[in-house]
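**Q** Structure provided below as structure tokens; questions to follow.
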Amino acid sequence: MEPVYAFRFFFDWGSPSECLWPDNQAARARFGFAPSIEIFPVSPALKAEVIRVGEWYQTALNWDYPPDPGPWRQAECDRFNRGVRQLFDALGKELGPNFKLVYAQDEPAEDPDLDEYLKDPAHFKRKRLD
Numbered sequence: 002m003e004p005v006y007a008f009r010f011f012f013d014w015g016s017p018s019e020c021l022w023p024d025n026q027a028a029r030a031r032f033g034f035a036p037s038i039e040i041f042p043v044s045p046a047l048k049a050e051v052i053r054v055g056e057w058y059q060t061a062l063n064w065d066y067p068p069d070p071g072p073w074r075q076a077e078c079d080r081f082n083r084g085v086r087q088l089f090d091a092l093g094k095e096l097g098p099n100f101k102l103v104y105a106q107d108e109p110a111e112d113p114d115l116d117e118y119l120k121d122p123a124h125f126k127r128k129r130l131d
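For the sequence shown, the positions run 2 to 131 when the working numbering is used.
Here it is in structure tokens:
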């Protein structure tokens with residue numbers, strides 16, 4: 002009987018080719034801690050799509066100062082959230098029944114302070130939430 006490989010699915014900052022994070026001993030033993038999509042048994046087209054979506058996710062963060070608002074408007078957030086769910090579904094289908102995937106992607110939403118930030122990024126201060 003083949004083992005079941007359990008993974009949490011999400012992209013992380015700085016890791017555009019890593020979206021499957023081992024969640025059981027069988028997965029860690031076969032794939033390591035933070036495996037690149039390149040080592041998984043999926044099609045080259047799906048590997049390319051993982052990297053494309055992972056690189057897209059990297060553009061949601063304000064890399065100059067991450068606590069400040071990211072650049073995405075809600076329409077971009079919605080496009081990404083739809084695309085990442087489609088990617089999750091495609092990975093599940095191609096990997097097959099020996100892989101258990103759990104959707105754990107943090108889905109971006111437009112920062113409510115984005116307009117204020119864009120007026121003067123150098124002097125932006127978040128409003129206190131008292």
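The beta-carbon is built from N, C-alpha and C at its ideal position, and this holds for glycine as well.
So, with DSSP's three-state summary, where would you put Val43?
**A** Stepping through the sequence shown from its first residue, residue 43 is reached at position 42. The answer is coil: DSSP assigns Val43 none of H, G, I, E or B.
**Q** Please report the Cβ distance between Ile40 and Phe34, rounded to the nearest whole angstrom; I am assuming they are in contact, meaning their Cβ atoms lie under 8 Å.
**A** By one-based count along the sequence shown, residue 40 stands at place 39. By one-based count along the sequence shown, residue 34 stands at place 33. With a Cβ gap of about 12 Å, Ile40 and Phe34 do not count as contacting.
**Q** Return yes when the C-beta of Glu111 is under 7 Å from any heavy atom of the ligand NAD, and no when it is not.
**A** With respect to the ligand NAD, the structure shown offers nothing to examine, as it has no ligands at all.
**Q** Which of the three DSSP states is assigned to Trp64 in this structure?
**A** By one-based count along the sequence shown, residue 64 stands at place 63. The answer is coil: DSSP assigns Trp64 none of H, G, I, E or B.
**Q** Since Phe10 contacts Val103 with CB under 8 Å, what's their CB separation in whole angstroms?
**A** Within the sequence shown, numbered from 1, the residue matching residue 10 stands at position 9. Within the sequence shown, numbered from 1, the residue matching residue 103 stands at position 102. Indeed they touch by this definition, with Cβ atoms about 7 Å apart.
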